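Structure first, commentary second.
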């Protein structure tokens, strides 16, 4: 006894929560230790006696006086009771006996009658603990509810958290099944306790409490069969809150208005017995007109929807309210303007249709649904003929007719007939458009229903099987075709939209599927209809070739795009259609003379062939059969095969066409390049289609095979693709087994693509030089090869021995010494194409010492005689070979000597050419560029052999022709399209830092003008700038100070020395300045005058020079040099435009006047882009005043 | 400004695609769904997007479309249009181009396409209604914009199109008077209106 008293006292005196918990724990242990003997429990309960004395009813007046001692008592008493509650919380749930629990329930329950100030919080807590006790009996639950209800009005005076506790106590009790039946037993349907509850809780405002209160109300409605009067009272209790909103509070509770709305919505939808109250109430709220805001309206609509969806027994609870609901809702759509309300309304209408149809397990009779839809029909039918309301009426009808299978089967023919009649008597083109749009939507919705039928009730499947197809079958001839033929030849602007819809409609007709009696799915339309649609669309796409350039094509481009998409849909389902299209296109192209095509006809050709590629290859066709089976078997690759075969055939024809006229120039054979472009696009589209269907990861691992496809191709006839096309690929064993959902599609696509590449390579490399292969066509082909080869994985590249084909180009007569003879620069782009796609691992064979790669890389013969393009392609090949080198154990170069030799070779070459006096500048340039590219390839890989060249570079830059080296050294770090992951290049992450620190850094000392004579120093500066300008800012960030000094010097002395070295360092210097200004402007603060002076001078010089050059009309200025001059000005203007944004006005004031004048003049620069920059710069400088 | 006070409360507005632009007149780019891979497949056929050097790299004809922006292109009517069509209307949330106040055919640059010591730019404006009280302000903004954007060797003349405004003579007189223009821009209120209008210009 004493110990409990002491603990109670300690508890009351303590303010530390942890200590209190500790004390309660000790008390609980003591009780548990005694196995809850009556004495101990009695002592424990009596331990709070000293504080309870004041809580007797007779003392209430004294307490209410509110003197200090009274308040102290209240707090102490609350704490004392808290001690009991905390002990109960710590106590084992099984230890108290039934009589003990009952007595405690009685004790704490009594507090709600006597002690509203101190007792409630602790008692609620204690009661919640007691409720969880093992020996808590249902009748005690009833007693608790009755006791707690006695608090009456004082409930409102409790703190919000206390009220929350009480709500939770109620909720726990009311949801307890045994308490529920006890209450039901005791009170029956009069539910007197509910009335008490409603009374005490009716003024709740706290959002957190409301959430629980609403839950209590839901539980009351759902689980207690209350009388109508009580139900009405409950309904009043929550409907008074509707529509609910939440004020923003200074102390956010984490509860949103949406939480409250949905909790309240649950109350409305709690049980069907609320239907007679809820529907009229909500309709009345909705019909208040403009007084209701959008969000309230949406809330009402969502609540109606929830009621419709959740009420059981729709015959009784929903159907009687449908008519009233519909007459309120229809205006929300018919005259509504706000999308949210319209959407929410349609949701309600859909919910009603689905409710009266039944569930996926149980269907109701059809009459309810039929009556509902007919109700909608009767009100909206008229509106369809009124162009103002067509869309809205259609929307309403569409929503109810297409929301489930039965609704569709029952009423779609009615709707279609309605639309059909109105289309016959349209009010305006836009009315026609709206009607066709609706018809299309019906078709689209039907497709979704058929597609998702597996998720519906089995009865739905039967309904679909029994569906009459006549209304759909006649649509094409009755509706769409007349609309199309009447307009297509000369559509007026407003009719283009109708045609777009009709094109979509065509596609939708072909895509319709019919479910056969055995569940088998077939295309609904007949072959004749499909074929007719296909030829209509084909006709409008191929006719672009015959139109003259005066025809207005701009207007048609949107329609053309729609037709393209429609035709794609058509041929993906009616698969024979694509061959028809391809044949037609081929015939149209062949009909024309392509020897000297005009710009317009080339454009028309591009459109046609690119569309041909897109339509057939941007999706994988689906294998749904027609009613009359096609003569050819289906293959997912059939369109790709058709496209490829058509393209190759066209290609052959146009080659012949060129060959028949020996004098044709390169430009005239451009047609081939366009056909090649279409082939390229087709391959890219098909790859995308595979990615879309099978996902990227699946494809990444799927080109695996150890077959030598190239060897297999050798045994195939030249017109293999043509043969495949005739049988849709079934003549080939591997292709025959491919099915639509199978990853094998991708592998076979790669195989076909490789065949195409080989075919075209052979066509180019074996035919006579008089064939009209233009450089463009060849580059186009190389791009295809790079993509196709690059898509194969390393193993497949090895098994197909593609590395050897890089130089052999698939020719059969392999000669081991193919590189020994004079090289054919004509086919080098093709070599580059294959090399770009190869994985380094697949190229190991090439890197034998003195093997193909080394021979190529160490060959500088004839460099001076190549055109710039040829030498750049050769340099690119060198770059790739040097980049993809792999040496060391288990490779062809176990000692890793190849690259060392290559670097030595070029080191020596550089030394020779830079000191040679009898070398032409073109040759010098070509050789150095070539060398730099090869070294760049090795550099990206951070090949250690490159470091051996550091001293060579230092030496050659200082020598006589070193300027060219200094200028070109930036190539080592220049971004290059070949060094990308698509080309499987080996690029180390920090290679630019590596180059900078190994090559550029040591040059800083040498670049000081005092050393090595000023010419050499300037070349070293040029080399540093060349490297740094191609590196990101972070690479040279640490050397900013010396770098800026070099730049300032370089810009200052730009005119004092021979032009070739000094002028060419201006551009990189300005590039770096722009970069530094963007990243670390402060470092330039001390050099502003020098920068502004040099910049203005450079602008003026370059402007002057530009004028001089363009004045010399006799000889057009060389593109490179003019470009350089323009570049200087562009950078200067960029630099000047950025200065005012980076520095405070006080730093710039001295230059304002001069620069504003200079920039004003620059606004008249001959180059448009520069004028724009100048305007921007001037605008920025106008603020510096 | 209240809606009821607008001179023309319901002007005709052109959509962006209806405005004249350099790209639309060039018309070389394809835009349809089938043009997704044009950049890759047609790259080598248009030298401006290709990483490959073209055959005529050394001395090709620079007049070609593909050579892009880095070649000489004199200030033309389209450029003037681009400069002023983006000015906002003082009372509608639209630009002068969208309201068809500025029209490409009503801009003249003389002498056209030549480098000369003095070039004249003549802009005729068409107010949305012929009693537009803000015509002078619009004219002032156009004039100010062009004077800011064109070099000193350009003379700018902004007028109301003949018959487009009830008092076009008076408005034209004001706009032609350099001193009055300068004085108007000294006026803070007016200057703020003009600056506000020019905010939408690049």
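Chains as they are written, first to last, in UniProt numbering: chain A, 1 to 1185; chain B, 1 to 202. Note that the Cβ used here is the ideal one computed from N, Cα and C, for glycine as well. A quick note: this is a predicted structure, and the numbers were derived from the prediction, not measured.
Quickly, what does DSSP pair residue i with across the bridge? List them, please.
i, result
"residue 358 of chain A", "A/363"
"residue 514 of chain A", "A/522"
"residue 124 of chain B", "B/159"
"residue 88 of chain B", "B/95"
"residue 109 of chain B", "B/121"
"residue 154 of chain B", "B/119"
"residue 102 of chain B", "B/125"
Figure out for me which residue from the options has the closest Cα to the Cα of residue i.
i, options, result
"residue 972 of chain A", "A/1025, A/1070 and A/961", "A/1025"
"residue 345 of chain A", "A/304, A/430 and A/376", "A/304"
"residue 437 of chain A", "A/462, A/502 and A/450", "A/502"
"residue 637 of chain A", "A/604, A/742 and A/496", "A/742"
"residue 497 of chain A", "A/561, A/547, A/516 and A/448", "A/561"
"residue 40 of chain B", "A/786, A/475 and A/492", "A/786"
"residue 1201 of chain A", "A/960, A/941, A/945 and A/881", "With chain A covering only 1 through 1185, there is no way to say anything about residue 1201 of chain A."
"residue 343 of chain A", "A/515, A/395 and A/390", "A/395"
"residue 829 of chain A", "A/236, A/808, A/812 and A/843", "A/808"
"residue 27 of chain A", "A/439, A/46, A/493 and A/90", "A/90"
"residue 1154 of chain A", "A/390, A/326, A/1097 and A/1017", "A/1097"
"residue 1049 of chain A", "A/1018, A/1035 and A/1038", "A/1018"
"residue 9 of chain A", "A/39, A/84 and A/40", "A/84"
"residue 184 of chain B", "B/137, B/149, B/163 and B/147", "B/137"
Using a Cβ cut-off of 8 Å, pull out every chain A residue sitting near residue i, in sequence order please.
i, result
"residue 30 of chain B", "606, 607 and 610"
"residue 188 of chain B", "Near residue 188 of chain B there are no residues of chain A at all, since even the closest Cβ is about 16 Å away, more than 8 Å."
"residue 72 of chain B", "1110, 1166 and 1167"
"residue 195 of chain B", "What residue 195 of chain B touches in chain A: nothing, since even the nearest Cβ is about 12 Å away."
Residues of chain B with a CB under 7 Å from the CB of residue i: which are they?
i, result
"residue 681 of chain A", "37 and 41"
"residue 715 of chain A", "What residue 715 of chain A touches in chain B: nothing, since even the nearest Cβ is about 31 Å away."
"residue 1129 of chain A", "The premise fails here: residue 1129 of chain A is roughly 10 Å from chain B at the closest Cβ pair, so nothing lies under 7 Å."
"residue 564 of chain A", "32, 33 and 34"
"residue 561 of chain A", "32 and 33"
"residue 581 of chain A", "Ordered by position in chain B, no residue passes the 7 Å Cβ test against residue 581 of chain A, which lies about 13 Å from the chain."
"residue 506 of chain A", "Chain B residues near residue 506 of chain A: none, gap ~16 Å exceeds 7 Å."
"residue 1175 of chain A", "149"
Counting only Cβ pairs nearer than 9 Å, list the residues of chain B close to residue i.
i, result
"residue 750 of chain A", "Chain B residues near residue 750 of chain A: none, gap ~18 Å exceeds 9 Å."
"residue 685 of chain A", "34, 36 and 37"
"residue 614 of chain A", "32, 33, 34, 35, 36 and 37"
Quick one: is the Cβ of residue i within less than 8 Å of any heavy atom of the ligand ADP?
i, result
"residue 27 of chain A", "You won't find the ligand ADP in this model; it holds no ligand whatsoever."
Find the residues of chain B that neighbour residue i, judging by a C-beta separation of less than 8 Å, and give them in chain order.
i, result
"residue 557 of chain A", "31 and 32"
"residue 492 of chain A", "Within 8 Å Cβ-Cβ: nothing; residue 492 of chain A doesn't reach chain B, min ~17 Å."
(request) Taking a Cβ distance cut-off of 9 Å, strictly less, list which residues of the UniProt domain "MIP18 family-like" (77–158) of chain B are near chain A, in chain order. (result) 79, 83, 115, 119, 148, 149, 150, 151, 152, 153 and 154
(message) Under 8 Å: do the segment 707–719 of chain A and the segment 615–625 of chain A share three or more Cβ pairs, one atom per stretch?
(response) no
(message) Does the segment 590–608 of chain A come into contact with the segment 515–532 of chain A, if we say contact requires no fewer than three beta-carbon pairs (one atom in each stretch) closer than 8 Å?
(response) no
(message) What are the residues in the segment 1143–1168 of chain A lying within 9 Å of chain B by C-beta distance?
(response) 1157, 1160, 1161, 1162, 1163, 1164, 1165, 1166, 1167 and 1168
(message) When you compare the segment 990–1007 of chain A with the segment 888–904 of chain A, are there three or more beta-carbon pairs, one atom per stretch, that lie closer than 8 Å?
(response) no
(message) So, does the segment 730–742 of chain A touch the segment 772–788 of chain A, judging by three or more C-beta pairs under 8 Å?
(response) no
(message) With three or more C-beta pairs closer than 8 Å as the rule, is the segment 839–853 of chain A touching the segment 885–899 of chain A?
(response) yes
(request) Select from the segment 863–876 of chain A all residues with a C-beta closer than 7 Å to any C-beta belonging to chain B, and list them in chain order. (result) 868, 869 and 872
(request) Compile a chain-ordered list of the residues in the segment 390–424 of chain A whose CB is closer than 9 Å to at least one CB of chain B. (result) none
(request) Would you be able to state if there are at least three C-beta pairs under 8 Å between the segment 1130–1149 of chain A and the segment 1078–1089 of chain A? (result) yes
(request) State whether the segment 606–613 of chain A contacts the segment 669–688 of chain A, with contact taken as three or more CB pairs (one from each stretch) at a distance under 8 Å. (result) yes
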